[in-house]
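A.B. asks: Whatever position you read off the first sequence (first residue = 1), add 16 for the working numbering. All C-beta atoms in this analysis are idealised placements derived from N, C-alpha and C, irrespective of residue type, glycine included.
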Amino acid sequence: MGRLRLSGLKQERIDKLTTLREKGIDPYPARVSRTHTIAQALNLPLNEAGVVAGRVMAIRSFGKTCFMNIKDGSGKIQLHFRGDNIGEGYGLLSAIDIGDFISAKGKLFNTKTGEKTLAVEEFSFISKSLSPLPEKWHGLSDIEKRYRQRYLDLISNPRVKEIFEIRTKVISGIRRFLDGKGFLEVETTTLLPVASGAAATPFSTYYQALGRNFYLRIALELYLKRLIIGGWDKVYEIGKVFRNEGISLKHNPEFTLLESYEAYADYQDVAGMVEEMIPSVCEHALGTTKIDYGGSVIDLSPPWRRLTLKEAIHNKCGIDIGEYPDADSLRRVIMSKLSPSDWQIWEEEVSWGKLTDRLLSTYVEPCLIQPTFILDYPVDVSPLAKRKREDPKLTERFEVFIGGMEIANAFSELNDPLDQRERFSQALHDEEEIPDEDFMEALEYGMPPAGGLGIGIDRLVMLFTNQTSIREVILFPQLREKD
RNA sequence: GGGGCGCUAGCUCAACGGGUAGAGCAGCUGACUCUUAAUCAGCCGGUUGGGGGUUCGAGUCCUCUGCGCCUCACCA
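1) With DSSP collapsed to three states, give me the class of E497.
2) Measuring CB to CB, does V176 end up less than 7 angstroms from V251?
3) Starting from the C-beta of W320, find all residues in its chain whose C-beta is less than 8 angstroms away, skip the five residues before and the five after it, and write them out in chain order.
4) Is Q165 helix, strand or coil by DSSP?
5) Using 8 angstroms for Cβ pairs, my map puts L391 next to T324. What's the rounded Cβ distance?
6) Apart from the five residues on each side of it in sequence, which residues of its chain come closer than 6 angstroms, Cβ to Cβ, to K409?
7) Just verifying my parser: in three-state terms, what is the DSSP assignment at T217?
8) Confirm, please, whether the CB-CB distance from L146 to S172 is below 7 angstroms.
9) So for E364, helix, strand or coil by DSSP?
10) Could you please give the first and the last residue of the uninterrupted beta strand (DSSP E) stretch that includes L274?
11) Within 10 angstroms of the Cβ of R37, are there 16 or more other Cβ atoms? Answer buried if so, exposed if not.
12) Express the C-alpha separation of Q442 and E497 in angstroms, rounding to a whole number.
13) Please return the same chain residues whose Cβ sits closer than 8 angstroms to the Cβ of Q8, not counting the five positions on each side in sequence.
14) In the DSSP assignment, find the unbroken alpha helix (DSSP H) run with D42 in it and report its ends.
15) Per DSSP, T388 forms a beta bridge with which residues?
16) Buried or exposed: where does D452 fall if 16 or more other Cβ atoms within 10 Å of its Cβ makes it buried?
17) Taking 8 angstroms as the limit between beta carbons, can you name the residues of its chain near E64, skipping five residues before and five after?
18) From the DSSP secondary-structure annotation, give me the bridge partner or partners of P394.
19) Check for me: the alpha helix (DSSP H) holding T184 runs from which residue to which?
20) Between which two residues does the alpha helix (DSSP H) holding Y514 run?
21) Using DSSP with H/G/I as helix, E/B as strand and the rest coil, what is G130?
22) Roughly how many whole angstroms lie between the Cα atoms of I329 and E381?
23) Would you call R19 buried or exposed, if buried means 16 or more other Cβ atoms sit within 10 Å of its Cβ?
24) Considering Cα atoms alone, identify which of A287, L62, I234 and K152 is closest to N11.
25) Which same chain residues end up closer than 7 angstroms to R437 when comparing Cβ atoms and leaving out the 5 residues on each side of it in sequence?
26) Is the beta carbon of V297 closer than 7 angstroms to that of V526?
27) According to DSSP, is A328 part of a helix, a strand, or is it coil?
28) Return the CA-CA distance between L33 and G79, expressed in angstroms with no decimal places.
29) Got a sec, what are the start and stop residues for the beta strand (DSSP E) V5 sits in?
30) When you compare each of M293, L207 and Q94 to P218 by their alpha carbons, which one comes out closest?
31) Whole angstroms are fine: how far does the CA of L346 sit from the CA of G338?
32) Whole-angstrom Cβ separation of G334 and L384, contact assumed at under 8 angstroms?
33) Which stretch, first to last residue, makes up the beta strand (DSSP E) that contains N85?
34) Put Q56 into one of helix, strand or coil per three-state DSSP.
35) Between which two residues does the beta strand (DSSP E) harbouring Q442 extend?
36) I'd like the list of long-range same chain contacts for L479, defined as Cβ closer than 8 angstroms, with 5 residues on each side in sequence excluded.
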């Protein structure tokens with residue numbers, strides 16, 4: 017038996033496999049003579065023969081007759097085997113286990129209970145399964161096992177399969193929408209000498225041939241802007257970005273980001289587009305623009321509520337951040353409204369912008385269930401956004417919140433090369449972001465005014481599928497290696 | 001990284017303040033030619049995540065450790 021410890025169940029299946037081979041039957045043939053998918057076969061006229069193939073999901077055997085359910089990617093069908101129909105082959109049925117793939121030739125008929133069923137005349141083994149599938153009734157519910165062995169999750173839990181199909185439709189819906197608006201989809205680079213464009217810790221790696229460290233991208237932003245500089249007016253990319261940070265219900269270290277840039281547009285134009293795009297994508301994926309999330313019905317149809325950051329904080333916290341224009345005074349008034357036990361996260365020495373952002377995410381964000389634009393963010397937390405003309409402490413930036421989650425982030429892109437240089441050096445000082453010298457050089461050649469957008473696809477899918485954990489919308493979420 | 005909870009048969013779950021580890025499904029044997037969580041009878045199946053300890057005796061108590069979930073911090 018060697019080092020491989022076989023469970024009794026597996027050994028029994030190997031024995032069956034050996035028996036098949038001894039009878040000259042190949043359990044893993046190279047060709048399958050399927051004529052119809054199961055979905056097609058179910059539409060065949062009665063008495064017309066067809067060959068279907070699929071995985072055996074259930075077996076109900078009665079001496080000289082036997083029912084099985086098999087399933088392929090299109091659906092499932094019941095098979096009926098009768099001793100007097102398939103003769104000697106009937107004895108081979110006992111070698112079929114749940115989980116095996118078989119093909120079956122036969123004609124449709126209706127059972128007593130009216131179920132369309134294939135009366136099998138011939139059948140073949142097409143792939144023998146050695147490990148038993150999760151139990152038919154309770155299925156697979158162990159979360160760790162579901163993530164580690166997602167294939168079993170997909171077999172056992174139809175809703176999981178559906179969620180990932182919705183995910184695919186969300187992405188195709190986004191492409192359809194943006195392509196329809198004349199955007200060009202591009203692919204920029206993932207492996208970078210400098211990871212910038214967001215405030216996040218990158219993953220680093222080593223490039224042998226060049227003999228130096230490289231980083232995985234943390235955003236798409238600066239490369240897409242290079243393309244705007246290069247003369248394309250509307251570009252977008254859907255791609256993985258990587259952030260070397262903790263895992264949580266809403267964070268996976270690699271996630272899928274959509275970013276789009278439109279020249280000659282500003283953040284108000286982008287807001288209009290987002291308000292049109294999200295319902296359009298939802299309609300494409302789910303056939304509706306009203307969704308159920310965490311027990312609330314969310315109506316995605318426009319127009320969405322618009323609030324400035326200042327108004328939003330004033331409404332929820334009773335603090336007018338305009339009256340406390342520096343970090344110290346703002347911190348004092350926040351703490352004066354809290355009991356000392358809640359002071360801890362506010363005591364840290366952070367900027368005014370950071371404090372307002374924290375007020376937003378702690379007290380406002382969880383309440384923003386219906387789609388809401390929060391506009392005009394502080395300049396020191398928005399190093400790539402253009403300043404507001406009437407208040408240079410603020411930027412032309414908005415975020416979209418739906419279901420208490422941040423879904424989108426957008427701004428009028430900063431195209432003043434000297435201001436950009438200044439902001440990068442401030443960000444570097446705050447350990448916020450790494451300046452990208454090559455990008456700054458590009459900006460000096462001149463970039464048209466542009467509106468940029470970023471949307472976390474995973475969170476959008478969470479919203480559309482009513483999931484509270486990001487792992488439920490990522491096929492293979494990050495897990496520690498299991499020994 | 002800190003704190004809380006969890007891990008028992010292939011799967012889903014039991015086992016009360018320590019006292020012989022059980023059930024359903026799956027599997028095996030037998031009966032059964034329209035069942036669909038088929039039914040009936042019998043059987044097989046375990047290093048209770050792993051290591052150490054306390055005890056006459058540990059799934060249960062202590063300790064170290066692995067993995068997962070929740071939560072806090074950094075972030076989207």
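C.D. replies: The answer reads as follows:
1) coil
2) no
3) E291, Q386, P387, T388, F389 and V416
4) coil
5) 5 angstroms
6) V395
7) coil
8) no
9) coil
10) E270 to A279
11) exposed
12) 39 angstroms
13) The structure shown does not extend to residue 8, since the chain is modelled only from 17 to 499, so the question has no answer here.
14) Note, D42: premise wrong, no alpha helix (DSSP H); not H, not E.
15) R321 and F417
16) buried
17) K123 and L124
18) L410
19) P174 to G196
20) Because the chain in this structure spans residues 17 to 499, residue 514 falls outside the shown range and cannot be described.
21) coil
22) 10 angstroms
23) In this predicted model, R19 has a pLDDT of only 30, less than 50, meaning its place in the structure is not dependable; the value taken from the coordinates is given anyway. When all chains shown are included, R19 counts as exposed.
24) Residue 11 lies beyond the range of the chain shown here (17 to 499); nothing can be said about it.
25) M456
26) Nothing can be reported for residue 526, as the shown portion of the chain is limited to 17 through 499.
27) helix
28) 22 angstroms
29) The structure shown has nothing for residue 5, since the chain only spans 17 to 499.
30) L207
31) 9 angstroms
32) Wrong, their Cβ atoms sit about 17 angstroms apart, outside the cutoff.
33) T81 to D88
34) helix
35) Element bounds for Q442: not the beta strand (DSSP E) but the alpha helix (DSSP H), P433 to H445.
36) I307, Y309, I314, I418, G419, M421 and I423
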